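Read through the structure below, which is laid out as structure tokens, and then see the notes.
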């Protein structure tokens, strides 16, 4: 990547990432504010604001927004995470000015009409209901709640029916005024773009945007515990989490390699042991999720009610075994998987723009491909074993289940496999 970075007088960062071979561009505005910036009564308001931004401005109705971008074959979208909210578009290069004009319009002149708010409230409530009907989706909200109870990092991004039902127009206006500040925003254009031209457009559209930064989010504190939600389901959906690493931690790439070797593909230990050898499940994988100040590593599986009795011991056993016997071959294989996925992602301007946003918010700069690759390649077998042992010393893991999990190993028994450096032995 050959990025150029400028900053407007109000603090807005403008980044371009030219890809000369393309005839299109991905352009977006990332706001360094998400679900963890909410108070308890605001739970879900970041996501609601994301929806409402497309529901009309002083110059455009919701239909105008949709028709204008689709008339040139482009598309608009947005998403909310725990730490950021993004508004982005993809267009042909000739239509980049239009895309940015629309994005600027929805960020600077949203009307939040009460009638539109009532309609969209029902849409979001339906989205919450749909999530609850999707056990392999909602379980990660439950896991987050258990890992980070009674704190913004653990609240559901969609919010809850009670909070979403109370949002008023003033709530959206006040939240936006507090958290949508130029100093906490970055405009990124990747693809068929030229930096000077994008900078001029940014100055025209955003120079008057309110300066400053949003208030700092509450620090995350991993607590752990258990949560079980019943349901008339065929499978038990089970997710475990352990303290992980932040985006800024020296072990960030080590954690990625560790979870890939543990459960990142068909050759991983969990897939081979739990699915291929024992037939305990159809889906099982490990993951690492990082934020700026904290993170988790974990395992998800969907398993039968009877098979659930064995799955906890198998997962803990493979985690213990990897910490003791990780091999050079599987570590190198995991690194190859990660490197391939990373480099393939760089072929898509939208993925590049999202990567750049994360770098700006976490590092205040954009890491080069060479630097990211070098950090990944520096992870060796000893580092993976050390990280695995670190995970095994977690005294209070988080556990969430949805469905018929009554035969699952009791939480206390499972937690007892961790803590004071247990014997590193795979489950019998």
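In my numbering, the protein residues as written are 763 to 1190. Note that CB positions come from ideal geometry on N, CA and C, so glycine has one too. None of the values given here were measured: they were computed from a predicted structure.
Can you list, in chain order, the residues of its chain whose CB lies under 6 Å from that of residue 1183, leaving out five sequence neighbours each side? Position 421 of the chain shown, counting from 1, holds the residue named residue 1183. With a pLDDT of only 43 at residue 1183, under 50, the local geometry of the prediction cannot be trusted, and no value is derived from it.
Considering only their Cβ atoms, is the gap separating residue 1019 from residue 1096 smaller than 9 Å? Counted from its first residue, the chain shown places residue 1096 at position 334. Counted from its first residue, the chain shown places residue 1019 at position 257. Cβ distance < 9 Å, so residue 1096 and residue 1019 count as in contact.
Apply the 10 Å Cβ neighbour rule to residue 798 and answer buried if 16 or more other Cβ atoms are within range, or exposed otherwise. Counting from one through the chain shown, the residue named residue 798 turns up at place 36. The residue in question, residue 798, is buried, as its Cβ has 16 or more Cβ neighbours within 10 Å.
Buried or exposed: residue 1015, going by 16 or more other Cβ atoms within 10 Å of its Cβ? Position 253 of the chain shown, counted from the first residue, corresponds to residue 1015. It is buried - the Cβ of residue 1015 has at least 16 other Cβ atoms within 10 Å.
Counting pairs of beta carbons, one from the region 1123 to 1142 and one from the region 959 to 972, are three or more of them closer than 8 Å? no
Please list, in chain order, all residues of the same chain as residue 985 whose beta carbon is under 6 Å from its beta carbon, the five residues on each side excluded. As a first step, residue 985 is located in the chain shown; it is residue number 223 there, counting from the start. 911, listed in sequence order.
Mapping DSSP to helix, strand and coil, what is residue 919? Stepping through the chain shown from its first residue, residue 919 is reached at position 157. Three-state result, residue 919: coil.
Would you report the Cα separation of residue 858 and residue 1127, rounded to the nearest angstrom? In the chain shown, residue 858 corresponds to position 96, counting from 1. In the chain shown, residue 1127 corresponds to position 365, counting from 1. When rounded, the separation of the alpha-carbon atoms in residue 858 and residue 1127 is 24 Å.
Note down, in chain order, each residue of its chain lying with its Cβ closer than 7 Å to the Cβ of residue 1114, except the 5 sequence neighbours on either side. By 1-based counting over the chain shown, the position of residue 1114 is 352. Closer than 7 Å at the Cβ level, and outside the excluded window around residue 1114, lie 763, 779, 952 and 1108.
State the Cα-Cα distance for the pair residue 1030 and residue 1046, rounded to the nearest angstrom. Mapped onto the chain shown, residue 1030 falls at position 268. Mapped onto the chain shown, residue 1046 falls at position 284. For residue 1030 and residue 1046, the distance between alpha carbons rounds to 10 Å.
Under a Cβ-count criterion, where at least 16 other Cβ atoms within 10 Å of its own Cβ denotes burial, should residue 1175 be classed as buried or exposed? Counting from one through the chain shown, the residue named residue 1175 turns up at place 413. With fewer than 16 other Cβ atoms within 10 Å, it is exposed.
For residue 971, count neighbouring Cβ atoms within 10 angstroms of its own Cβ and tell me buried if that reaches 16, exposed if not. For the purposes of this step, residue 971 is identified with residue 209 of the chain shown, where counting begins at 1. Residue 971 is buried by the Cβ-count criterion.
May I have the straight-line CA-CA distance separating residue 944 from residue 869, to the nearest angstrom? Working through the chain shown from its first residue, we reach residue 944 at position 182. Working through the chain shown from its first residue, we reach residue 869 at position 107. Whole-angstrom Cα-Cα distance: 11 Å.
Can we say the region 1150 to 1163 touches the region 899 to 911, given the rule of at least three CB pairs closer than 8 Å? yes
Taking Cβ positions, are residue 882 and residue 813 nearer each other than 9 Å? Here the question's residue 882 lines up with position 120 in the chain shown. Here the question's residue 813 lines up with position 51 in the chain shown. Yes.
Quick check on the burial criterion: 16 or more other C-beta atoms within 10 angstroms. Buried or exposed for residue 1149? The residue given as residue 1149 occupies position 387 in the chain shown. By the neighbour-count rule (16 or more Cβ atoms within 10 Å), residue 1149 is buried.
By how many angstroms is the C-alpha of residue 1091 removed from the C-alpha of residue 844? Within the chain shown, residue 844 is the residue found at index 82, counting from 1. Within the chain shown, residue 1091 is the residue found at index 329, counting from 1. Taking the straight line from one Cα to the other gives about 35 Å.
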